[in-house]
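Colleague: Quick one: the structure is below, questions incoming.
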Amino acid sequence: MPVSRPHQTPPVLKRLALAGLLTLSVGVGGAAPALPSPPPAKGGSELPLSLPARVAALLPQSGELGQLMRLGSRITTVDLQRAVTDAGGNAAALRSVMTAVAKGQVPTYDARLNISRETFGRYIAFQPVLEGTGKVMRLTVNQDPRRVTLGAMPGAASILRGLSFDLKTGELQVPEGFIFKPAAISAVTAKDRSIDIRGGVQWNLNGYDPITQNGIYGQLSLYQVGSGQALLTFERMNMVRGIPGQKSSVMLSYAR
Numbered sequence: 410m411p412v413s414r415p416h417q418t419p420p421v422l423k424r425l426a427l428a429g430l431l432t433l434s435v436g437v438g439g440a441a442p443a444l445p446s447p448p449p450a451k452g453g454s455e456l457p458l459s460l461p462a463r464v465a466a467l468l469p470q471s472g473e474l475g476q477l478m479r480l481g482s483r484i485t486t487v488d489l490q491r492a493v494t495d496a497g498g499n500a501a502a503l504r505s506v507m508t509a510v511a512k513g514q515v516p517t518y519d520a521r522l523n524i525s526r527e528t529f530g531r532y533i534a535f536q537p538v539l540e541g542t543g544k545v546m547r548l549t550v551n552q553d554p555r556r557v558t559l560g561a562m563p564g565a566a567s568i569l570r571g572l573s574f575d576l577k578t579g580e581l582q583v584p585e586g587f588i589f590k591p592a593a594i595s596a597v598t599a600k601d602r603s604i605d606i607r608g609g610v611q612w613n614l615n616g617y618d619p620i621t622q623n624g625i626y627g628q629l630s631l632y633q634v635g636s637g638q639a640l641l642t643f644e645r646m647n648m649v650r651g652i653p654g655q656k657s658s659v660m661l662s663y664a665r
């Protein structure tokens with residue numbers, strides 16, 4: 410069984426990745442902002458379980474329901490109220506801006522705020538938020554004492570078929586014939602976080618076999634998020650017998 414070869418990615422996959430074709434687009438298509446990148450875990454309280462145990466705890470179970478998710482965005486104002494107040498700006502103009510933001514609308518600059526248009530723009534930000542697509546499916550998972558293997562699923566989730574997780578080591582085996590080691594990721598604790606990531610496990614996929622000309626480039630992540638949910642995200646570009654496949658990705662949420 411081939412193992413991953415991190416320095417053997419074929420040039421065509423590298424070119425496609427560098428061209429932006431591997432940025433995360435989630436669920437049923439369309440570009441979306443990427444999930445915030447959690448820092449690698451340094452040990453301690455974020456991930457009290459061992460990596461294999463964490464993998465086992467976050468994997469979906471056969472027969473449970475999962476929902477395809479996508480990343481949307483929301484408008485936020487970062488310290489705008491303080492900046493306008495400090496500048497002696499008009500309270501009514503500030504209320505108008507904040508009302509627009511609360512409605513999900515892009516606020517319009519008003520000179521009465523007493524800050525420049527450029528400064529105003531620096532205080533407006535777009536944060537990623539998880540959104541359900543309404544597409545719910547029953548998950549197909551095959552499990553024995555050693556492995557969990559994802560089965561056939563409809564639509565965007567079909568790319569999960571054949572992903573196999575070793576419960577003893579936490580390693581991921583992909584259908585293209587490569588094995589990848591897991592890495593722990595820490596909770597996101599920033600006060601302005603928009604997605605409540607409480608830790609997880611991630612596999613960076615980068616393998617190529619020059620004999621078979623099979624390859625894969627991408628990333629799979631299992632996140633523990635708030636509200637008793639787990640989030641599985643998978644993006645990849647693969648190559649089979651020297652022929653590059655299309656960019657594929659999915660984001661799936663289920664109870665945990």
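Throughout the sequence shown, residue numbering follows our numbering, covering 410 to 665 in sequence.
Ideal Cβ positions, reconstructed from N, Cα and C, are used throughout, including at glycine.
How long is the line joining the alpha carbons of I620 and L581, rounded to whole angstroms?
Modeller: The residue you call residue 620 lines up with position 211 of the sequence shown. The residue you call residue 581 lines up with position 172 of the sequence shown. Taking the straight line joining both Cα atoms gives about 22 angstroms.
Colleague: Thinking L661 and A596 are a contact (beta carbons under 8 angstroms), I'd like their distance in whole angstroms, please.
Modeller: In the sequence shown, the residue the question calls residue 661 occupies position 252. In the sequence shown, the residue the question calls residue 596 occupies position 187. Taking the Cβ atoms as the reference, L661 lies roughly 20 angstroms from A596, outside the contact range of under 8 angstroms.
Colleague: Out of curiosity, what's the CA-to-CA distance linking V515 and A502?
Modeller: Here the question's residue 515 lines up with position 106 in the sequence shown. Here the question's residue 502 lines up with position 93 in the sequence shown. The alpha-carbon atoms of V515 and A502 are separated by roughly 14 angstroms.
Colleague: Check N647 in the structure and name its three-state DSSP category.
Modeller: Working through the sequence shown from its first residue, we reach residue 647 at position 238. In this structure, N647 counts as strand in the three-state DSSP scheme.
Colleague: Can you tell me whether T621 is helix, strand or coil according to DSSP?
Modeller: The sequence position of residue 621 within the sequence shown is 212, counting from 1. If DSSP states are grouped into helix, strand and coil, T621 belongs with coil.
Colleague: Can you tell me which of the three DSSP states P653 falls into?
Modeller: For this step, residue 653 is matched to residue 244 along the sequence shown. The answer is strand: DSSP assigns P653 an E or B state.
Colleague: What do you reckon, are the CB atoms on L631 and V464 nearer than 8 angstroms?
Modeller: Position 222 of the sequence shown, counting from 1, holds the residue named residue 631. Position 55 of the sequence shown, counting from 1, holds the residue named residue 464. Going by C-beta atoms, L631 is nearer than 8 angstroms to V464.
Colleague: Specify the secondary structure class of G530 as computed by DSSP and reduced to three states.
Modeller: Residue numbering aside, residue 530 sits at position 121 when the sequence shown is read from its first letter. In this structure, G530 counts as helix in the three-state DSSP scheme.
Colleague: So, helix, strand or coil for P537, using DSSP?
Modeller: Along the sequence shown, read from residue 1 onward, the residue named residue 537 stands at position 128. Correct three-state label for P537: strand.
Colleague: Going by C-alpha distance, which of L640, G586, Q638 and Y626 is nearest P653?
Modeller: Taking the sequence shown and counting its residues from 1, one reaches residue 653 at position 244. Nearest of L640, G586, Q638 and Y626 to P653, Cα basis: Y626.
Colleague: From L539, T517, G564 and G541, pick the residue whose C-alpha is nearest to that of G530; which is it?
Modeller: Residue numbering aside, residue 530 sits at position 121 when the sequence shown is read from its first letter. That would be T517, whose Cα lies nearest to the Cα of G530.
Colleague: I'd like the span of the beta strand (DSSP E) that includes M478, first residue to last.
Modeller: Translated into positions along the sequence shown, residue 478 becomes position 69. Its beta strand (DSSP E) spans residues L474 to T486.
Colleague: Quick one, which of D519, T642 and T485 has its alpha-carbon nearest V610's?
Modeller: As a position in the sequence shown, residue 610 is number 201, starting the count at 1. Of the listed residues, the one whose Cα sits closest to V610 is T642.
Colleague: How would you label N551, buried or exposed, when you count the other beta carbons within 10 angstroms and need 16 or more for buried?
Modeller: By one-based count along the sequence shown, residue 551 stands at place 142. Exposed, by the Cβ-count rule.
Colleague: Rounded to whole angstroms, what is the Cα-Cα separation between G608 and V634?
Modeller: Translated into the one-based positions of the sequence shown, residue 608 becomes position 199. Translated into the one-based positions of the sequence shown, residue 634 becomes position 225. Answer to the nearest angstrom: the Cα atoms are 8 angstroms apart.
Colleague: Considering only DSSP beta bridges, list what A592 is partnered with.
Modeller: Here residue 592 is taken as the residue at index 183 of the sequence shown, counted from 1. Under DSSP, A592 forms a beta bridge with Q611.
Colleague: With DSSP as the reference, please indicate the residues paired to Y663 in a beta bridge.
Modeller: Here residue 663 is taken as the residue at index 254 of the sequence shown, counted from 1. In the DSSP output, where bridge partners are listed per residue, Y663 has G475 and A639.
Colleague: Just the Cα atoms here: how many angstroms apart are R645 and R491?
Modeller: Counting from 1 along the sequence shown, the entry for residue 645 is found at position 236. Counting from 1 along the sequence shown, the entry for residue 491 is found at position 82. Those two C-alpha atoms are separated by around 43 angstroms.
Colleague: Within the same chain, show all residues whose beta-carbon is closer than 6 angstroms to that of Q476, passing over the 5 residues directly before and after it, in chain order.
Modeller: Walking along the sequence shown from the start, residue 476 turns up at place 67. The residues are G541, V545 and S662.
Colleague: Helix, strand or coil: how does DSSP classify L576 here?
Modeller: The count along the sequence shown starts at 1 and reaches residue 576 at position 167. In the structure shown, the three-state DSSP call for L576 is coil.
Colleague: With respect to the beta strand (DSSP E) encompassing M552, which residues constitute its N-terminal and C-terminal limits?
Modeller: Counted from its first residue, the sequence shown places residue 552 at position 143. Contrary to the premise, residue 552 reads as Gln rather than Met in this sequence. Residues V550 to Q552.
Colleague: In whole angstroms, give me the CA-to-CA distance for T508 and A534.
Modeller: For the purposes of this step, residue 508 is taken as residue 99 along the sequence shown, with counting starting at 1. For the purposes of this step, residue 534 is taken as residue 125 along the sequence shown, with counting starting at 1. If you take the alpha carbons of T508 and A534, they lie about 15 angstroms apart.
Colleague: Determine the DSSP secondary structure at V515, reduced to helix, strand or coil.
Modeller: Taking the first residue of the sequence shown as 1, we reach residue 515 at position 106. V515 falls in the coil class under three-state DSSP.
Colleague: Suppose you measure from the CA of S471 to the CA of S525; what does that come to, to the nearest Å?
Modeller: Stepping through the sequence shown from its first residue, residue 471 is reached at position 62. Stepping through the sequence shown from its first residue, residue 525 is reached at position 116. Each residue's alpha carbon lies about 56 angstroms from the other.
Colleague: Kindly list the residues whose CB is nearer than 8 angstroms to the CB of D605, restricted to its own chain and excluding five residues on each side of it in sequence; keep chain order.
Modeller: Position 196 of the sequence shown holds residue 605. Close CB contacts of D605 within its chain, under the 8 angstroms cut and outside five residues either way in sequence, are with V597, V634, G635 and S636 (chain order).
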